[in-house]
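S.K.: Protein chains in written order, with this note's numbering: chain A, 737 to 1324; chain B, 8 to 189. Positions of the beta carbon are idealized from the N, C-alpha and C atoms, including for glycine.
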Amino acid sequence: MSKLYSGAEIVFKCMEDQNVEHIFGYPGGAVLPIYDELQNFKSIKHVLVRHEQGAGHAAEGYARSSGKPGVILVTSGPGATNVVTALTDAYMDSIPLVCISGQVPTHLIGTDAFQECDTTGITRPCTKHNWLVKDINDLAETIHKAFEVATTGRPGPVLVDIPKDIQFQKTKYKKPKKEKKLNGKSHNHFSQNHIDQLIDLMSKSAKPIFYTGGGVINSGPKASELLRELVYATGFPITSTLQGLGSFPGDDNQFLGMLGMHGTYEANNAMHDCDLMINIGARFDDRITGKIDEFSPKSKKVHIDIDPSSINKNVKVDLAIVGDVKTVISSTLKNLKQKKSKFLKSNKQKTSKWWEKIQRWRSVRSLDYIGSEETIKPQYAIERLYELTKDKDSYITTEVGQHQMWAAQHYKFNKPNRWMTSGGLGTMGYGLPAAVGVQVAHPKKLVIDIAGEASVLMTIQEMSTAVQYNLPIKIFILNNEYMGMVRQWQELLHDKNYSESYTAALPDFVKLAEAYNCVGIRAKKPEELDDKIIEMLNTDKPVIFDCMVDKVENCFPMIPSGKPHNQMILGPKDQESKKITGKGKSLV
Amino acid sequence: MSKSKSAYSFSNKKEKLDTHIIVVWVDNEAGVLARVVGLFSGRGYNIESLAVAQVDEKLKISRITIVTIGTPQVVNQIKLQLRKLVPVHKVADFTREDKAVIFKEMALFKIVGPNNKLESALKACKKYNPILLDKTKKSKVIQITALRREIDKMSKDLKKFGLVSVSRTGAVAMTRGADIFK
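#1: Taking only the alpha-carbon atoms, compute the straight-line gap between D25 (chain B) and V148 (chain B) and give it to the nearest angstrom.
#2: Output needed for S941 (chain A): all residues of its chain with C-beta closer than 7 Å, excluding positions within five of it in sequence on either side, in chain order.
#3: Got a sec? Which residues, its chain only, sit under 6 Å from V98 (chain B) by beta carbon, not counting five neighbours each side?
#4: On the CB-based measure, 16 or more other CB atoms within 10 Å of its CB, does E752 (chain A) come out buried or exposed?
#5: I need the DSSP call for S955 (chain A), collapsed to helix, strand or coil.
#6: Would you kindly work out how many angstroms separate the C-alpha atoms of N919 (chain A) and K913 (chain A), rounded to a whole number?
#7: Report buried or exposed for E1002 (chain A), applying the criterion of at least 16 other Cβ atoms within 10 angstroms of its Cβ.
#8: Could you tell me the alpha carbon to alpha carbon distance between G1307 (chain A) and S1102 (chain A), rounded to whole angstroms?
#9: Suppose contacts are defined by Cβ-Cβ distances below 8 Å. Is Y741 (chain A) in contact with T907 (chain A) by that definition?
#10: Whose Cβ in chain B lies nearer than 7 Å to the Cβ of K1049 (chain A)?
#11: Could you have a look at N919 (chain A) and say whether DSSP puts it in helix, strand or coil?
#12: With which residues is M994 (chain A) paired in a DSSP beta bridge?
#13: Residues in the same chain with beta-carbon distance under 7 Å from C750 (chain A), minus the five sequence neighbours each way, listed in chain order, please.
#14: Starting from the Cα of K65 (chain B), find the closest Cα among B:K134, B:G77, B:D34 and B:K106 and give me that residue.
#15: Going along the chain, which residues of its own chain have a beta-carbon closer than 8 Å to the beta-carbon of N1215 (chain A), five neighbours each way excluded?
#16: Going along chain A in order, which residues have a C-beta closer than 8 Å to the C-beta of R70 (chain B)?
#17: So, with DSSP's three-state summary, where would you put S939 (chain A)?
#18: If you draw a straight line from the C-alpha of M1221 (chain A) to the C-alpha of P94 (chain B), how long is it?
#19: Roughly how many whole angstroms lie between the Cα atoms of Y762 (chain A) and G743 (chain A)?
#20: Return the first residue and the last residue of the alpha helix (DSSP H) that Y1105 (chain A) is part of.
#21: With which residues is T908 (chain A) paired in a DSSP beta bridge?
#22: For S1077 (chain A), does the three-state DSSP call read helix, strand or coil?
#23: In angstroms with no decimal places, state the Cα-to-Cα distance between Q1197 (chain A) and R786 (chain A).
#24: Is the CB of N919 (chain A) under 8 Å away from at least one CB in chain B?
#25: Restricting to Cα atoms, I'd like to know which of A:H793, A:K781 and A:Q775 is closest to G1159 (chain A).
#26: When the Cα of M1272 (chain A) is compared with those of A:W1090, A:P891, A:H843 and A:L1121, which residue comes out closest?
#27: Going straight from the alpha carbon of T194 (chain B) to that of A37 (chain B), what length do you get?
#28: Name the residues in the region 1024-1045 of chain A whose C-beta lies less than 8 Å from a C-beta of chain B; which are they?
#29: Using the Cβ count rule (16 or more neighbours within 10 Å means buried), how would you classify L165 (chain B)?
#30: Between B:R156, B:V44 and B:S146, which lies nearest to N122 (chain B) when the distance is taken from Cα to Cα?
#31: Would DSSP call Q775 (chain A) helix, strand or coil?
#32: I want to verify the contact list: residues of chain A whose CB lies under 8 Å from the CB of G45 (chain B), in sequence order.
#33: What do you reckon, are the CB atoms on P1152 (chain A) and I1014 (chain A) nearer than 8 Å?
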């Protein structure tokens, strides 16, 4: 007879078989049996966070930078509710997470027991799927299925809720079954005909553009390689969403920069005027499309996505190719080589006028800003950070706000999985714990959280985690003492009524760093910035870098609310003439 | 300039709303109805009526029939979103005008009053397969099966005969002929 294992042991047996090396968690009453077993499974390392939200974001950073699912272990009640923000964040940005939560014993469920909450009920809308395991014999199978659901198709978070009595009960362990089918939910639904249509559209187009997103990253590093091959083979311009940065080299001439609300002038105008838009793994998010009625009015639209429900959700497309990005691009390339081997040559002439137009847009230099010798401009700080770290294969996380957009605009990424940011949900406080997770996955690499002082305070306690595990993350705070993006919107939309967007009584971040037993560095003047950044890079400990920047700088260019792509505000001067009035005001 | 719509909003164009009957085959497991219904409420879709019961005891499959109203784009999203749910096996979509599909709802009417009115009530139901389920000197419980609008009409018409209580199910649907939905 095979050995009997407790539920707690089975949790780790499953993790072993799923090749889990790190879990992020926080113990509590309802998961104590699982924590009790931890020491018996040496291949699994637990990272103790300081708040369950931190565990969630750390797991996201881990997953996004490594391509492996992030694993979270939390207790019932507050443990589970604290992780909800991170699960929702992962759901919006399609990050594979497996969250194991403890639950009160089955006989107490529904009695309002201590630290009981309806975890599966609360997390139902923010996970791909979740399970409450009420029978020990279902446990192993459920956990294996959880990993499968999280990592296949469009990735996302899942949760397995395990009552405490189940953790004690014993049963036989079941290994994962291979090649399971999820109710026939396979992922490639395209045919040769679709690829032929795509190639036909591509060869007819005079004003094409690739619009790529996080789906390319999620499809694996190979997808990014193939994307590069496809873009070079076609000679088409390419723009990327916030989540897609890194899938194509940010310093390449064919790359127009990020598109969308704070995207470049050339990217947004090219999206507006193109005659063929090839969306690869992006989802026509409202930050991208601007005014939907006037979104790219003259183009044929192709949408390549693994999730059928992304097709025609916000924007109707002419050709939908449902499948894994990697497979679709690979098939397209193959056909292109076979059928149109001289594509680049024949196409160069056709798109030359388009490229001329793009160069004219480029010459506007929409990311330019007015420099200063007195104060550090936030854009300048990012530029310097980029110049001083670009040879290091660095990993960048961010919080949410102006600093995030400046980082996206001015830090150039050349590889996928190097850029971790909260896009869909826009979670302030994401970056610091995400950096912890990234550093756990890549102990030897440089990991920087480009942060705002308001965001970083939301999860600052995770510095303690970084110190405990010797994770030398660098927290690079663009400190303007304001919730900068809120302040910017108030300036633009609410007659400069800066209601509650100024943070009085900020902590002294240098002293705060010292309190956490890491290193604090402050830069106040542009001339000292480089030296201080170098000092930060040379510090083999966690660092909080307090970069005091211009307090009232706004993030431009910008598509104001309710405007299409071709009506951007370029800078402070432009802002006056394109003031947002009337109805546009009510749009967030 | 102030006429602009939100970066958040959908198109200005008023699209036609259609009534659709969505049939969903799901694993009959805990919380599955909450997943389906939560998807509707969470994404702002309508539910006009809902009928659900297990239809395969061995495979533990339940059949959920949902009547919904939406633009073609929304109805398409409903189907695609439903198909993403892990316990969902298949999703069928019928329009109410579809001649190849039978739709039926059931209603129970309780009539209280003098005998002549009770008889008139039963007579009024004649077209809709009335079944007398309960009878006392003062009351009758009548079951009918019909379309939604017919039951709506009967609920109004029977008032004059002493209708005191109505209980009705959501619509259920089945294709005509030998074919089944795969």
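M.R.: Taking the geometry as given:
#1: The residue labelled residue 25 (chain B) in the question sits at position 18 within the second sequence. The residue labelled residue 148 (chain B) in the question sits at position 141 within the second sequence. Those two C-alpha atoms are separated by around 34 Å.
#2: Indexing the first sequence from 1 puts residue 941 (chain A) at position 205. Contacts found: D1011 and L1012.
#3: Mapped onto the second sequence, residue 98 (chain B) falls at position 91. Contacts found: V31, K86, L89 and R90.
#4: In the first sequence, counting from the first residue as 1, residue 752 (chain A) sits at position 16. By the neighbour-count rule (16 or more Cβ atoms within 10 Å), E752 (chain A) is not buried but exposed.
#5: Taking the first residue of the first sequence as position 1, residue 955 (chain A) is located at position 219. In the structure shown, S955 (chain A) sits in coil (DSSP, three-state: anything other than H, G, I, E or B).
#6: As a first step, residue 919 (chain A) must be located in the first sequence, where it is residue number 183. As a first step, residue 913 (chain A) must be located in the first sequence, where it is residue number 177. Residue confidence for N919 (chain A) is low, a pLDDT of 49 falling below 50, so the modelled location carries little weight; the figure read from the coordinates is stated next. The straight-line gap from Cα to Cα measures roughly 15 Å.
#7: Numbered from 1 along the first sequence, position 266 holds the residue referred to as residue 1002 (chain A). With 16 or more Cβ atoms within 10 Å of its Cβ, E1002 (chain A) is classed as buried.
#8: Translated into positions along the first sequence, residue 1307 (chain A) becomes position 571. Translated into positions along the first sequence, residue 1102 (chain A) becomes position 366. Approximately 8 Å, taken between the alpha carbons.
#9: Position 5 of the first sequence, counted from the first residue, corresponds to residue 741 (chain A). Position 171 of the first sequence, counted from the first residue, corresponds to residue 907 (chain A). Result yes, Cβ atoms of Y741 (chain A) and T907 (chain A) sit closer than 8 Å.
#10: Working through the first sequence from its first residue, we reach residue 1049 (chain A) at position 313. What K1049 (chain A) touches in chain B: Q84.
#11: Position 183 of the first sequence holds residue 919 (chain A). Low local confidence applies: a pLDDT of 49 at N919 (chain A) is under 50, so the model's placement there is unreliable, and no value is given.
#12: Taking the first sequence and counting its residues from 1, the one referred to as residue 994 (chain A) is at position 258. Paired residues: A:S976.
#13: By 1-based counting over the first sequence, the position of residue 750 (chain A) is 14. So the qualifying residues of the chain are A876, I879 and H880.
#14: Numbered from its first residue, the second sequence carries residue 65 (chain B) at position 58. With distances taken between Cα atoms, K65 (chain B) lies closest to B:D34.
#15: Counting from 1 along the first sequence, the entry for residue 1215 (chain A) is found at position 479. Taken in chain order, the residues that qualify are G1188, E1189, L1242, F1245, D1282, C1283, M1284 and V1285.
#16: Indexing the second sequence from 1 puts residue 70 (chain B) at position 63. In chain order: nothing, as chain A lies at least about 15 Å away.
#17: Residue mapping note: residue 939 (chain A) aligns to position 203 of the first sequence, counting from 1. Three-state DSSP puts S939 (chain A) in a helix.
#18: For the purposes of this step, residue 1221 (chain A) is taken as the residue at position 485 of the first sequence. For the purposes of this step, residue 94 (chain B) is taken as the residue at position 87 of the second sequence. Computed Cα separation, rounded: 41 Å.
#19: The residue labelled residue 762 (chain A) in the question sits at position 26 within the first sequence. The residue labelled residue 743 (chain A) in the question sits at position 7 within the first sequence. If I take the Cα positions, the gap works out to 18 Å.
#20: In the first sequence, residue 1105 (chain A) corresponds to position 369, counting from 1. Here Y1105 (chain A) belongs to no alpha helix (DSSP H), and DSSP marks it neither H nor E.
#21: Translated into positions along the first sequence, residue 908 (chain A) becomes position 172. Reading off the sequence shown, one finds Lys at residue 908 (chain A), where the question assumed Thr. Answer is A:L740.
#22: Within the first sequence, the letter at position 341 stands for residue 1077 (chain A). Three-state DSSP puts S1077 (chain A) in coil, outside helix and strand.
#23: Position 461 of the first sequence, counted from the first residue, corresponds to residue 1197 (chain A). Position 50 of the first sequence, counted from the first residue, corresponds to residue 786 (chain A). Distance between the alpha carbons of Q1197 (chain A) and R786 (chain A): 6 Å.
#24: The residue given as residue 919 (chain A) occupies position 183 in the first sequence. With a pLDDT of 49 at N919 (chain A), under the threshold of 50, the predicted position of this residue should be treated as unreliable, though the coordinate-derived value follows. Answer yes: the Cβ-Cβ gap between N919 (chain A) and chain B drops below 8 Å somewhere.
#25: For the purposes of this step, residue 1159 (chain A) is taken as the residue at position 423 of the first sequence. Of the candidates A:H793, A:K781 and A:Q775, the one whose C-alpha sits nearest the C-alpha of G1159 (chain A) is A:H793.
#26: Position 536 of the first sequence, counted from the first residue, corresponds to residue 1272 (chain A). Nearest of A:W1090, A:P891, A:H843 and A:L1121 to M1272 (chain A), Cα basis: A:L1121.
#27: Only positions 8 to 189 of chain B appear in the structure, and residue 194 (chain B) is not among them; the question remains open.
#28: T1025, G1026, K1027, I1028, D1029, D1043, P1044 and S1045
#29: As a working mapping, residue 165 (chain B) is identified with position 158 in the second sequence. That one is buried.
#30: As a working mapping, residue 122 (chain B) is identified with position 115 in the second sequence. Of the listed residues, the one whose Cα sits closest to N122 (chain B) is B:S146.
#31: Along the first sequence, read from residue 1 onward, the residue named residue 775 (chain A) stands at position 39. Helix at Q775 (chain A).
#32: The count along the second sequence starts at 1 and reaches residue 45 (chain B) at position 38. Those within 8 Å of G45 (chain B) in chain A are R860 and P861.
#33: Taking the first residue of the first sequence as 1, we reach residue 1152 (chain A) at position 416. Taking the first residue of the first sequence as 1, we reach residue 1014 (chain A) at position 278. Result no, Cβ atoms of P1152 (chain A) and I1014 (chain A) do not sit closer than 8 Å.
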